[in-house]
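> For the sequence shown, position 115 (counting from the first letter as 1) is numbered 149 according to the numbering used here, and the numbering increases by one without interruption.
Provided herewith is a single structure, encoded as structure tokens, for subsequent inquiry.
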Amino acid sequence: MPSHYLAQVEIDGLEIIGYSVAGEETVVAMPQLDVCFDIGKAPDQIISVNHVLLTHGHMDHAAGLAYYLSHRNFCGMAPGVVLAPKNLLGPIRDILQAWGRLDGNSIPAKLVGVEPGDEYAVKPNLFARAFPTKHSRGSVGFTLIERRKKLKDQYHGLTGPQIVELKKQGVEIDYRLDIPLVTYLGDTQYVDFSQLDYIRTSRILIAECTFYEDEHSGRAEAGRHMHINEFVRLIESLDNEHIVVTHTTARTPMSEVRKVLKNDLPKDKYDRMILLMDQRRGRRNTA
Ligand SMILES: [Zn+2]
Ligand SMILES: [Zn+2]
């Protein structure tokens, strides 16, 4: 039996599994892309995913890091790759060392510090790009970008040997095409993310919207989280085909969250929205 019951969503053939409740736990994995955004308490189902993209150091997002890395080692897997804000690498190393001493076994890890604008290849044609968020010092979000090479228009219709010849002559016959597949905002206050084209046009947006009641706007401000009023403003400025809402507060019942989203979002936006934690009632995990 798995350690967690996770929500499960499929969008355009891409599976998203995870759990995300504010202050409790947040972990959102896309196994086919081999990435897990944040690690929560390291559910069994995501141990085999090779990359963890950590957005910030809050316990509910990062607590499972040592277990994830250590359990992979125990199962004979390659060391997990952890992308994390550069300013967190020191504390992460300290924690892994302390756990290593406590456990009696060192914990292998590949730690990669990232700053806004950095890219890391999670697959040969898939890059994780970090961007700044407004939550805690150094906090980031990530966009997964598929990078393709396309033949420039003027070379269409050429034969294979002609293309080979041009390449031999050192002619740049391709151009780079970036396709933003998924953006994960992590925890953040409202930021005008529409200014970053790769976020605005990401096919899938995974966004936090923590608070839904008027009297919770102070909490949103204090915790640097998104309130429904700001979330609506954000979503209206973006062009994503699918919106997955995460990090909902346990202070508001899920039925009420659903009602508020339906009421406050324009219909065309509501129709492309999936509430992550609404996808788990009665579902057992098979992963
Ligand atoms: Zn959080
Ligand atoms: Zn946080």
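For each residue, glycine too, the CB sits at the ideal point set by N, CA and C.
(1) Three-state secondary structure (DSSP) at Gly110?
(2) Helix, strand or coil, according to DSSP, for Tyr232 in the structure here?
(3) Looking at the structure shown, is His85 part of a helix, part of a strand, or coil, going by DSSP?
(4) Who are the Cβ neighbours of Val278 in its own chain at under 6 Å, not counting the five residues just before and after it?
(5) Cβ of Asp221 versus every heavy atom of ligand 2: is any distance shorter than 6 Å?
(6) Short of 7 Å in beta carbon distance, which residues of its chain neighbour Gly52, apart from the five on each side in sequence? Order them along the chain.
(7) Please name the residue, chosen from Tyr224, Thr286, Ile50, Leu87, that lies closest to Gly147 on a Cα-to-Cα basis.
(8) Whose C-beta lies closer than 7 Å to the C-beta of Lys157 among residues of the same chain, with five residues either side of it excluded?
(9) Tell me which residues share the same chain as Ser271 and place their Cβ nearer than 8 Å to its Cβ, disregarding the 5 neighbours each side in the sequence.
(10) Please identify the residue among Ala284, Gln188, Arg306, Ser170 whose C-alpha is closest to the C-alpha of Ala256.
(11) In the DSSP assignment, find the unbroken beta strand (DSSP E) run with Lys168 in it and report its ends.
(12) Give a single yes or no on whether His92 has its beta carbon closer than 6 Å to a heavy atom of ligand 1.
(13) Tell whether a beta-carbon distance below 7 Å holds between Phe165 and Pro150.
(14) If you reduce the DSSP assignment to three classes, tell me which class Ile197 lands in.
(15) Could you give the DSSP three-state label for Leu130: helix, strand or coil?
(16) Only counting runs of 3 or more residues, tell me where the beta strand (DSSP E) segments fall wholly within the region 256–294, in order along the chain.
Taking the coordinates as given:
(1) coil
(2) helix
(3) strand
(4) Ile240, Ile308, Leu310
(5) yes
(6) Leu40, Ala41, Val61, Val62, Ala63, Leu310
(7) Leu87
(8) Asp68
(9) Asp226, Phe227, Ser228, Arg234
(10) Ser170
(11) It is not in any beta strand (DSSP E) - Lys168 carries neither H nor E in the DSSP assignment.
(12) yes
(13) yes
(14) helix
(15) helix
(16) 276–280
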